[in-house]
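Novice: Protein chains in written order, with the numbering used here: chain E, 1 to 391; chain L, 1001 to 1391.
2 protein chains.
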Amino acid sequence: MTDDINAFVPGIDVRIEGRAGGPLSGLTFAAKDLFDVAGHPTGGGTLDWARGRPIPTRHAWAVQTLLDAGATLIGKTITDEVSLGILGENPHYGTPLNPRAPDRVPGGSSSGSAAAVAAALCDTALGTDTGGSVRVPASFCGLYGIRPTHGRLPLDGMLPQAPSSDTTGWFARDVATFARVSSAMLGEAIVDAKPSRLVVAVDAFGFADQETATALQPLVKRLAQLAGDTREDVLAPPGLSVWGRAQRTLQPWEAWITFRDWVDRANPRVAFGVARGLAASSMIAESERGWADLMRREARARMAHLLAPGTIVCLPTTPFPAPPKGQSLSALNPVRDRILCLCAHGGLTGVPQVTVPGATVDGLPVGLSIIGARGADAMLVGVARALEDMR
Amino acid sequence: MTDDINAFVPGIDVRIEGRAGGPLSGLTFAAKDLFDVAGHPTGGGTLDWARGRPIPTRHAWAVQTLLDAGATLIGKTITDEVSLGILGENPHYGTPLNPRAPDRVPGGSSSGSAAAVAAALCDTALGTDTGGSVRVPASFCGLYGIRPTHGRLPLDGMLPQAPSSDTTGWFARDVATFARVSSAMLGEAIVDAKPSRLVVAVDAFGFADQETATALQPLVKRLAQLAGDTREDVLAPPGLSVWGRAQRTLQPWEAWITFRDWVDRANPRVAFGVARGLAASSMIAESERGWADLMRREARARMAHLLAPGTIVCLPTTPFPAPPKGQSLSALNPVRDRILCLCAHGGLTGVPQVTVPGATVDGLPVGLSIIGARGADAMLVGVARALEDMR
């Protein structure tokens, strides 16, 4: 399948019809090339992951679930190399086009999935989110996206990165499709939800660019209305950067454990920046990991306390809209650091998060995120739908 | 130009006739893809070095010198990525075949040049030697090879790695061709040379595998005869591993300075091991570099003292014959370390070195090296020829 959007992995021509009469009948979907599709190699966005591995004989759980629900698979999408990237630039297959901002990155690592949905090449698409890989491209491409509660959905047949943070997520352009797909994936009806309490993560808004924080205010106001005109401010103790540091200790170390045998055996071709990151990950000290693990326990306790039933927290999904494509590594380092810092709570605490489109800065999309308690995934989708209905 | 040997860079079809009536008329040569050939990109063994750079409009000095002497250029050869490798495995273009040991690596980084000459696809070939990149593939492929005195030959149009160690070298199958090409490159007649004193680097022989040291003894005996039955033993103070450490501090740091802007701008696709090496190089401490610079000064003084006029030092070119292809990074690390340790004196002190074939271990070639004082390049070539004439 070829396309101007460059969303799909070249050379993989796949179409699998969904089960007739399912709740998603009539919808099409694509799967990030981290998900097994029987009969096709799982490439993981690199030339060397599939080499020497057997072709999968079963679909990944997420693929099978959408097929069983009636959606038709139309392709496998480009990802950052073995999911190690947040911007969506892939040196082997090229960077998928961000249809909403063609001179900008699409966001990653679920870059092709987001691009395919944003360009209306399919109705929904599977991504993975370990450190922001669904949330960030959803924000940059103007889509709905979800990072479900960690541990809720089976990850069978999904190429892992950091198991204690890995999740399967999905994208949609419109909230009705988003709710249909979410219901099928979560195995739960999406009911109209009114939260009883809105908490605004004011430190996260302060961390974002001023233009982005301002652009998101109309969405925040509608959320506050929806929550019965409640609105409280909260600052994440002990601070976003401390949580970010903990996540950026735990996640890369787990990624190194995941990939080190492959790296040693295959000496794979990867972008310099990815290899440098893996090499740095291999040197993370045990003492630092110990500290980060304590911080994770503390963060989970704090988040559970904050997210009482009916409470939602809102924050900017990304600190800014998509940055320009093709920048140097040194220019992108601080950009990447800020994005990951604003996403770190997801992998660190495992709470579900939905990002909703609707705001723009200079015409570039940027998303607002809603977080709920563990297991409140369907409620968050319901809030997103109710928010749209208020327009 | 295609070939079973996989010596040549795919997609570069070049043939440039040498000047008629020159001293090398009738000979063909190939140039490692670090040398500029006008009208063709200089690829440097990677997919991303040439990107965004102008096509060279002039030949490199070494290419022009061979053309002017009458040799005909027939192709550009595969190299380890931007010369950062000693084994000759290239993930983008494949590993050139070692015709003398098809299941073994050819050695690198001048892998394609050595393979092309060993397979008789051309008579001679240009390589570069910073830390062993001519000496090692010559030893592994059973060829004559030279690392000239550092700073003697112009390096214009050659992709640099570590300028204080970079040299241009060449290969040949037979000593007559080796002498003809050497004369043209050095601009000096090759006279029959009898050294007055042979010094055997006994620590280097001890550092090599026992089988290799033993296999080289007949060549050492002939050398001693040639030197009027002189033979002294020497141990390199303060030890090969200390010299190796100094060189492996200075050379990678210079390589990082050479490549860091490219790496930052292009985020190039490279093998994980190469990227990891560059990332580690970027972290070499100034204090360590200061120590290594003192060691280099000391090593140069010691080498100059040892290499009085007429003196040659002999040592194994490599500690063992070519290792098997396709090993894991962790298996290859100690292999690479030992090879580089035995080659470090070249980049560290700048003295010329010629490696001669003729010994084998279990049928696999391994070379004996002769070192002379700075500027004694032609004398070393003459010794190699005299050694052959003694058979």
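Yeah, the Cβ is synthetic: ideal placement off N, Cα and C, and Gly gets one too.
Expressed to the nearest angstrom, what Euclidean distance is found between the alpha-carbon atoms of PRO1316 of chain L and PHE1205 of chain L?
Specialist: Rounded to the nearest angstrom, the two C-alpha atoms are 6 Å apart.
Novice: Rounded to the nearest angstrom, how far is the Cβ of GLU965 of chain L from that of THR1249 of chain L, given a contact under 8 Å?
Specialist: Past the edges of chain L, shown from 1001 to 1391, lies residue 965 of chain L, and the structure says nothing about it.
Novice: Which residues in the same chain have their Cβ closer than 7 Å to the Cβ of PRO96 of chain E, if we skip the five residues on either side of it in sequence?
Specialist: Answer for PRO96 of chain E: ILE5, ASN6, ALA7, ILE78, GLY88, PRO106, SER111, GLY112 and ALA115, listed in chain order.
Novice: With distances taken Cα to Cα, identify the nearest neighbour of ARG265 of chain E among E:ARG53, E:GLY26 and E:LYS32.
Specialist: If we check each option's Cα against that of ARG265 of chain E, E:ARG53 comes out closest.
Novice: Just verifying my parser: in three-state terms, what is the DSSP assignment at PRO102 of chain E?
Specialist: Looking at PRO102 of chain E - three-state DSSP - the assignment turns out to be coil, as it is neither helix nor strand.
Novice: Does chain L have any CB closer than 8 Å to the CB of GLY75 of chain E?
Specialist: So, not an interface residue.
Novice: How many Å lie between ARG173 of chain E and GLY1127 of chain L at the Cα?
Specialist: Rounded to the nearest angstrom, the two C-alpha atoms are 56 Å apart.
Novice: Take ALA1138 of chain L as the anchor and find which of L:PRO1160, L:VAL1191, L:ILE1074 and L:PHE1178 has the nearest alpha-carbon.
Specialist: Answer by Cα proximity: L:PHE1178.
Novice: Assuming contact is defined by CB atoms lying nearer than 8 Å, are ALA1069 of chain L and PRO1023 of chain L in contact in what I supplied?
Specialist: The answer is yes: Cβ separation under 8 Å.
Novice: For GLY1044 of chain L, would you say it is in contact with chain E, using Cβ-to-Cβ distances shorter than 8 Å as the test?
Specialist: Judged by the 8 Å Cβ criterion, GLY1044 of chain L is not in contact with chain E.
Novice: Any idea what DSSP makes of PRO252 of chain E, helix, strand or coil?
Specialist: Helix, per DSSP.
Novice: What residues of chain L sit near LEU84 of chain E, judged by a beta carbon separation below 8 Å?
Specialist: Under the 8 Å cutoff, chain L gives no residues; its nearest Cβ is about 12 Å from LEU84 of chain E.
Novice: Counting only Cβ-Cβ distances shorter than 7 Å, please list the residues of the stretch 1101 to 1134 of chain L near chain E, keeping chain order.
Specialist: So the list is empty, because no residue satisfies the distance condition.
Novice: Judging by CA-CA distance, which residue of L:PRO1160, L:PRO1268, L:GLY1277 and L:LEU1027 is the nearest neighbour of ASN1333 of chain L?
Specialist: Taking only the C-alpha atoms, the option nearest ASN1333 of chain L is L:GLY1277.
Novice: Tell me whether MET1 of chain E sits in a helix, a strand or coil according to DSSP, three-state version.
Specialist: Because the pLDDT at MET1 of chain E is just 44, under 50, the model does not fix this residue reliably, and the point stays unresolved.
Novice: Based on DSSP bridge pairs, tell me the residues matched to CYS314 of chain E.
Specialist: Paired residues: E:VAL200 and E:ILE370.
Novice: What does a CB cutoff of less than 6 Å around ARG245 of chain E pick up in its chain, not counting 5 residues either side in sequence?
Specialist: For ARG245 of chain E, where only same-chain residues beyond five positions count, there are no Cβ hits under 6 Å.
Novice: Between ILE1078 of chain L and chain E, is any beta-carbon pair separated by less than 8 Å?
Specialist: It does not; no Cβ of chain E falls within 8 Å.
Novice: Does ASP264 of chain E have its Cβ less than 8 Å from a Cβ in chain L?
Specialist: So, interface residue.
Novice: Note down, one range per segment and in chain order, each beta strand (DSSP E) of at least 3 residues found wholly within the stretch 115 to 200 of chain E.
Specialist: You should have 124 to 128, 144 to 147 and 168 to 172.
Novice: Could you pull the DSSP bridge partners for LEU364 of chain E from this structure?
Specialist: LEU364 of chain E pairs with E:VAL361.
Novice: Of all the options L:LYS1032, L:ALA1201 and L:ARG1051, which has the alpha carbon lying nearest to the alpha carbon of TRP1170 of chain L?
Specialist: If we check each option's Cα against that of TRP1170 of chain L, L:LYS1032 comes out closest.
Novice: Got a sec, what are the start and stop residues for the beta strand (DSSP E) GLU232 of chain E sits in?
Specialist: Its beta strand (DSSP E) spans residues 232 to 234.
Novice: Name the residue from L:PRO1321, L:LEU1240, L:ALA1038 and L:GLY1108 whose alpha carbon lies nearest to the alpha carbon of ALA1213 of chain L.
Specialist: Looking at the Cα atoms, L:PRO1321 is the closest of the given residues.
Novice: Compute the Euclidean distance between the alpha carbons of ALA30 of chain E and ALA125 of chain E, then round it to the nearest angstrom.
Specialist: So the alpha carbons of these two residues sit roughly 5 Å apart.
Novice: What would DSSP say about ALA1030 of chain L, mapped onto helix, strand or coil?
Specialist: Residue state, collapsed to three classes: strand.
Novice: Going by other Cβ atoms of all chains shown within 10 Å of its Cβ, with 16 needed for buried, is GLU1081 of chain L buried or exposed?
Specialist: Answer is buried; the Cβ neighbour count reaches 16.
Novice: Residues in its own chain within less than 8 Å of ARG104 of chain E by CB, not counting five upstream and five downstream?
Specialist: The residues are ASN98, PHE140, PRO321, ALA322, PRO323, PRO324, LYS325 and LEU364.
Novice: Whole angstroms is fine: what's the gap from VAL9 of chain E's alpha carbon to HIS92 of chain E's?
Specialist: If you take the alpha carbons of VAL9 of chain E and HIS92 of chain E, they lie about 10 Å apart.
Novice: Sort L:ALA1101, L:THR1065, L:PHE1207 and L:LEU1219 by Cα distance to MET1390 of chain L and report the nearest one.
Specialist: That would be L:LEU1219, whose Cα lies nearest to the Cα of MET1390 of chain L.
Novice: For the beta strand (DSSP E) containing LEU1073 of chain L, name the first residue and the last one.
Specialist: Note, LEU1073 of chain L: beta strand (DSSP E), 1072 to 1077.
Novice: Where do the N-terminal and C-terminal ends of the beta strand (DSSP E) with ARG338 of chain E fall, by residue?
Specialist: Careful: ARG338 of chain E lies outside any beta strand (DSSP E), inside the alpha helix (DSSP H) at 329 to 349.
Novice: What residues from chain E crowd round ASN1090 of chain L, counting only those whose CB sits closer than 7 Å?
Specialist: What ASN1090 of chain L touches in chain E: nothing, since even the nearest Cβ is about 10 Å away.
Novice: Applying the 10 Å Cβ sphere with the 16-neighbour rule, what's the burial state of GLN1247 of chain L?
Specialist: GLN1247 of chain L is buried by the Cβ-count criterion.
Novice: When the distance is taken between beta carbons, is THR1149 of chain L closer than 8 Å to VAL1351 of chain L?
Specialist: Yes, these two residues count as a Cβ contact at 8 Å.
Novice: Does the beta-carbon of ARG393 of chain E have 16 or more other beta-carbons within 10 angstroms, so that it is buried, or is it exposed?
Specialist: Outside the shown range of chain E, which is 1 to 391, sits residue 393 of chain E, and nothing can be said about it.
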